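Right, one structure below, let's go through it.
Protein chains in written order, with the working numbering: chain A, 1 to 290; chain B, 1001 to 1271.
Printed below as a string of structure tokens:
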């Protein structure tokens, strides 16, 4: 999940969601994190059609979580109408990046807007070295130059880049335990290096690694990466649904609001990655472009 | 003759291990196999009740182990089917009365005279489970479509995979209620199979007939009209290596649907 930082809020990128339930699921997951409290939230909604009622419930969800819905961006006409009726602001950033107004032409400009938003807010602030590299070859770079300075917390990014690249080397130098099986309830896997599991990690099991943890399947148990205190370790899975997740000394548990006992398997997973940022754990989807 | 030793286990209690054992055993015996069931649930025996053999038990497995009787003397013959025998558990002792080696020894001896040795495993993963699994080379893991049972089955499969003697394990999903699955209130069979990533051997629908059959001491496989009975007979056939398609539970269960189908057939004929 992209979570770029803006002045006193952030963007929640839900352009990949296809259903209202998914939106609510992802949104509640993000809002449940402590750093999400009392922020202005910009929702990128993609092509989902939301009725007035649905949009109202999303708005009240945000408010229940002690945040505010600042504005939304969408490529759906229905959502647009509902938002207008509910007096929710449509993304203001369209003017700043000089993208054509998407009220007239719906499909194309909307994606341009979201691209532009990505450049300004999404990619820039996401503290991953991979993303930072890809930015340099990004074709729409000029938008960054215009607005980047005022919006992006440069210091943090630079600091992160240095530390992460150092850490990246460390994870690569560690040995890797490769397991091709389902890790079942009651089983505990630990390693002084990285752990790669081809299969599911079922609830009730635990995986502890000094390096990174990568699961080619659903991660449903407890995962602890960087077990010797390495806060820059990462946990990746096709679907992250852990009861608890620990990276170095940072700890997070599954929010009570999405206490799903099991995840239905699907062929359309977007791989997810967990890492620490500002002392808490952030989970984001790994999209193709990053 | 070398018989197959199959342990029926689940981890969680109350999912239908003993019922499954009684029914599969009876079905296998009805198909002409020589079958012996071993109840290893020492102190909490039930298998004899389900088969209606409680009053015939003279010697138990503990008597065999402690050499108060010969193995053959302790085998209780079924009322109806001469191919079916039961080696009962002692009700007055606990799980420590028998060791893994002793149970393995008993299984090895029984292999010579029987086609199938079904071991009824107690709930839990302690000594009782270790004993029951000791002599077996195959396992049937019983679960219900509930999260708690699936979680325990997952644990059990993990333990079975760690045992070298267990060559294969298959999953039996019990107490399935298709109308609840339809209304999304119950996990579907596919969900359970995917979570556990194990081969399926049978789907048994919830059947109130099980309660009466348990109380009467008459396994439901003997009831030719029962859907659960048919499902258990299919499981027995799959154990024997035949390919039997899984029952289509959705059509069978709804009375309304049956009546509708009946009437639509009637109208169709009149036209």
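The beta-carbon is built from N, C-alpha and C at its ideal position, and this holds for glycine as well.
None of these values were measured; they are calculated from a predicted model.
Residue 1129/B sits in a helix when the DSSP states are folded into three classes. The C-beta distance from residue 72/A to residue 23/A rounds to 11 Å, too long to fall under 8 Å, and the pair is not in contact. Under the three-state reduction of DSSP output, residue 81/A falls in the helix class. Residue burial annotation: residue 270/A is exposed, with fewer than 16 other C-beta atoms found within 10 angstroms of its C-beta. Looking from the CA of residue 30/A, the closest CA among 212/A, 18/A, 223/A and 65/A belongs to 65/A. Within the DSSP bridge table, the entry for residue 273/A names 236/A and 284/A as partners. The C-alpha of residue 243/A is placed about 6 Å away from the C-alpha of residue 222/A.
The residues 1040, 1041, 1042, 1044, 1095, 1128, 1129 and 1132, in chain order, have a CB closer than 8 Å to that of residue 1122/B in the same chain once the five nearest residues on each side in sequence are set aside.
Within the same chain, Cβ atoms closer than 7 Å to the Cβ of residue 1100/B are found at 1130, 1131 and 1134, the five residues on either side in sequence being excluded. Chain-order list of chain B residues neighbouring residue 19/A: empty, with the shortest C-beta distance near 15 Å, by a criterion of under 7 Å. When beta bridges are read from the DSSP output, residue 44/A appears opposite 13/A and 73/A. Within chain A, the residues 265 have their CB atoms less than 7 Å from the CB of residue 1194/B, given in chain order. Only those residues of the stretch 173 to 189 of chain A whose C-beta falls short of 9 Å from the nearest C-beta of chain B are listed: 181, 182, 183, 184, 185, 186 and 187.
At a cut-off of 8 Å between beta carbons, residue 1185/B makes no contact with chain A.
For residue 242/A, the closest Cβ of chain B is not nearer than 8 Å.
Contacts with chain A at 8 Å (Cβ-Cβ) include residue 1158/B. Around the beta carbon of residue 1058/B, fewer than 16 other beta carbons lie within 10 angstroms, which makes this residue exposed. Taking the Cα of residue 1211/B as reference, the smallest distance to any Cα among 1049/B, 1076/B, 1085/B and 1087/B is reached at 1049/B. Against chain A, the CB of residue 1155/B has a partner CB under 8 Å away; the residue lies at that interface.
Check the Cα spacing between residue 1052/B and each of 1023/B, 1067/B, 1064/B and 1201/B: the tightest is with 1023/B. Shortest Cα-Cα distance from residue 44/A to any of 226/A, 15/A, 246/A and 247/A involves 15/A.
By the criterion of at least three beta-carbon pairs nearer than 8 Å, the stretch 1234 to 1242 of chain B is in contact with the stretch 1027 to 1036 of chain B.
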